[in-house]
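Asker: This structure is in structure tokens; I'll ask about it shortly.
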């Protein structure tokens, strides 16, 4: 009986397991395999060991991309967390029709593809399509071009915040709704005011949702690709072929047919993500024992 | 006592009202921020090529020429109606990938939650670790593998990799563990139901809210995907809407002369493409809003 039940358990997992092996384990292993070879014009494909990794971690194009996504994460994630947490706390404290409507509206960008989101903002930034020029001229000021070399960081920051804040807000909001209301009652009897209830009770009680979101945001930002890739043609050369590690890998593979080196870049990026998430988890676990 | 609480509540009312006003103002500002680009898109969709650049109402208001219908006609007929084909492709990829990923997530989540077997814990640990693997890092090796098999530039190159959803399995496992009582399963087994029937007739109905959530999440993930189809497909007839509109915008910015009409196609095309998912989300609200809290249960 027990053996049979164990077999049934495996059978339920098998279809997913097959897909997991074919589309996750195999490409991962194959990327690693490919990355150990290099292709020269004269020499053909030859085993080069960790040569590609040495090259990657000394390649200014790769390193500048990694540096960009790290910098971007460090600025973006706190902003996103602050906006989505504030919105979720406000929505949780209100039961008006306006609150319900706002909740749906703020979530809306999640249903919009990143390609379209990036294009919409690209249009709004653009001097010929967008409103910035005429708004700024009211104050006799010159409108900033948010896709220029110096401003693209902020331009992208805005696009990504707009795209994802609502999704994160909904996750936090759903966690807030799951808290037993009697806890608030008890705190109020003990003399806690609304702000104390929010900061001392609500935020700690949804901390596991916050950690989940942080990890998602970190993984998502480090593999940044779609928005800069889409804005590239509009932004007149601001988006270089190695703007982010993923864009670099894509161009190496599909513009230069350097699949071996591109695989090494992909694998190295995966490694950077893994280390970043692990370091983050390590610290949060130490601090508050948030993840079980 | 009751007069005392009354005075206290009267005293409290004023700051609370003010707080509510501040809260509503904050929400209003946030909603405005979210809606500005969408509003721009709606307004710009009604303009002709000239109105886009120098409209009488500025960038955020309608032009005197209302050109929406002509733009729509243009959109659906341009280049033998390639836009409709892209929309259809997106629907096919999203439904096939989304439904497939959901079925796999539900069965695997149920298997992990309700059966004890050798290797279960280590398999689940590997699965959890894999949530951290950046999926885009897999695109290039998957492309090389698929091209060795002659699968690139086919619909399978987009649909099959979309079946992978480790996070969906995780969500289903968490939900199944809570929502499906072992006693109920055992009772059905004692009544002589086979394992598959127990799953379909007892477990699946109990897991329905989570199933709808995972289904929506995976449909959205496939519908919005850009990197995978961009890498896999080279025939524009197979493009989903994201890659198609990306192609148009590339053409429009590299070709300044004939670019004008393409810009208005991109704008109206963007608007039309976001309608199906927005309708789906608004009409299925009560399902996904509860379901999204699942991931943070544990």
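Residue numbers (the numbering used here), protein chains in the order written: chain A, 32 to 323; chain B, 15 to 312.
C-beta atoms are modelled at their ideal positions from N, C-alpha and C, and glycine is treated no differently.
(1) What is the DSSP secondary structure of residue 156 (chain B), counted as helix, strand or coil?
(2) Which residues in chain A have a C-beta closer than 7 Å to the C-beta of residue 209 (chain B)? List them in chain order.
(3) Please classify residue 47 (chain A) as buried or exposed, where buried requires at least 16 neighbouring CB atoms within 10 angstroms.
(4) If you compare alpha carbons, which of A:131, A:209, A:254 and A:148 is closest to residue 6 (chain B)?
(5) Can you tell me whether residue 64 (chain A) is buried or exposed? The criterion is at least 16 other CB atoms within 10 Å of its CB, across all chains shown.
(6) According to the neighbour-count rule (16 or more other Cβ atoms, all chains shown, within 10 Å of its Cβ), is residue 197 (chain A) buried or exposed?
(7) Strictly below 7 Å CB to CB, what residues from chain B border residue 174 (chain A)?
(8) Taking Cβ-Cβ distances shorter than 9 Å, what residues in chain E pair up with residue 156 (chain A)?
(9) Output the boundary residues of the alpha helix (DSSP H) element that contains residue 232 (chain B).
(10) Apart from the five residues on each side of it in sequence, which residues of its chain come closer than 8 Å, Cβ to Cβ, to residue 271 (chain B)?
(11) Among the residues of its own chain, which have a CB less than 6 Å from the CB of residue 297 (chain A), if the five just before and after it don't count?
(12) Anything in chain B within Cβ reach of residue 98 (chain A), meaning under 9 Å, just list it in chain order.
(13) When you compare only the Cα positions, how much space is there between residue 101 (chain A) and residue 204 (chain B)?
(14) Are the beta-carbon atoms of residue 142 (chain A) and residue 234 (chain B) separated by less than 8 Å?
(15) Inspect the beta-carbon positions of residue 217 (chain B) and residue 194 (chain B) and report whether they are closer than 8 Å.
(16) Using CA coordinates, which residue listed in A:91, A:42 and A:162 is at the minimum distance from residue 66 (chain B)?
(17) Kindly list, in the order they appear in chain B, the residues whose Cβ is closer than 7 Å to that of residue 161 (chain A).
(18) From the DSSP output, in three-state form, read off residue 271 (chain B) for me.
(19) For the region 104 to 120 of chain A against the region 245 to 265 of chain B, do three or more pairs of beta-carbon atoms, one drawn from each stretch, fall closer than 8 Å, so that the two count as touching?
(20) Taking the beta strand (DSSP E) that residue 75 (chain A) falls in, what are its first and last residues?
(21) Between the region 250 to 266 of chain A and chain B, which residues of the former have a C-beta closer than 8 Å to a C-beta of the latter?
(22) What does residue 118 (chain A) reach in chain B if we use C-beta pairs closer than 7 Å?
(23) Can you tell me whether residue 279 (chain A) is helix, strand or coil according to DSSP?
(24) Using a Cβ-Cβ cutoff of 8 Å, what residues of the region 280 to 291 of chain A are near chain B? List them in chain order.
(25) Along chain B, in chain order, which residues have C-beta atoms closer than 8 Å to that of residue 147 (chain A)?
(26) So residue 111 (chain B) and residue 46 (chain B) are supposed to be a Cβ contact under 8 Å. How far apart are they, rounded?
(27) Can a CB atom of chain A be found closer than 8 Å to the CB of residue 238 (chain B)?
(28) Among A:294, A:301, A:95 and A:172, whose alpha-carbon lies nearest the alpha-carbon of residue 70 (chain A)?
(29) Could you check whether residue 96 (chain B) and residue 250 (chain B) sit closer than 8 Å to each other, using their CB atoms as the reference points?
(30) Hey, how far is the Cα of residue 80 (chain B) from the Cα of residue 261 (chain A)?
(31) Output the residue ranges of the alpha helix (DSSP H) runs that lie fully inside the region 57 to 141 of chain B and measure 4 residues or longer, sorted by chain position.
(32) Just how far apart, CA to CA, sit residue 290 (chain B) and residue 35 (chain A)?
(33) Quick check: what's the CA-CA separation for residue 82 (chain B) versus residue 259 (chain A)?
(34) Quick one, are the C-beta atoms of residue 48 (chain B) and residue 136 (chain A) less than 8 Å apart?
(35) Determine whether the Cβ of residue 88 (chain A) lies closer than 8 Å to any Cβ atom of chain B.
(36) Starting from residue 69 (chain A), follow the beta strand (DSSP E) in both directions and report where the run begins and ends.
Answerer: Let me lay it out:
(1) Residue 156 (chain B) falls in the helix class under three-state DSSP.
(2) 39
(3) buried
(4) Any question about residue 6 (chain B) goes unanswered here, given that chain B covers just 15 to 312.
(5) exposed
(6) Buried: at least 16 other Cβ atoms inside 10 Å.
(7) Those within 7 Å of residue 174 (chain A) in chain B number zero; the least Cβ separation is about 11 Å.
(8) In the structure shown, chain E cannot be found, because the protein chains are A and B.
(9) 222 to 238
(10) Low per-residue confidence applies at residue 271 (chain B): pLDDT is 44, beneath 50, and the placement is therefore not dependable enough to give any value.
(11) 62 and 280
(12) Result: empty, since nearest Cβ-Cβ is about 17 Å, beyond 9 Å.
(13) Cα to Cα, residue 101 (chain A) sits roughly 56 Å from residue 204 (chain B).
(14) yes
(15) Remark: C-beta atoms of residue 217 (chain B) and residue 194 (chain B) approach each other more closely than 8 Å.
(16) The shortest Cα separation from residue 66 (chain B) among A:91, A:42 and A:162 belongs to A:162.
(17) 73
(18) Note that residue 271 (chain B) has pLDDT 44, beneath the 50 cutoff, so the model's placement of it is unreliable and no number is given.
(19) no
(20) 75 to 78
(21) 250, 253, 254, 256, 257, 260, 261, 264 and 265
(22) 44
(23) Secondary structure of residue 279 (chain A) (DSSP, three-state): helix.
(24) 280, 281, 284, 285 and 290
(25) 256, 259, 284, 287 and 288
(26) That pair is no contact at about 35 Å.
(27) yes
(28) A:294
(29) In this structure, residue 96 (chain B) lies closer than 8 Å to residue 250 (chain B) by Cβ.
(30) 29 Å
(31) Complete alpha helix (DSSP H) runs here, min 4: 63 to 68 and 82 to 128.
(32) Between the alpha carbons of residue 290 (chain B) and residue 35 (chain A) lies a distance of about 45 Å.
(33) 30 Å
(34) yes
(35) No, no contact with chain B.
(36) 68 to 71
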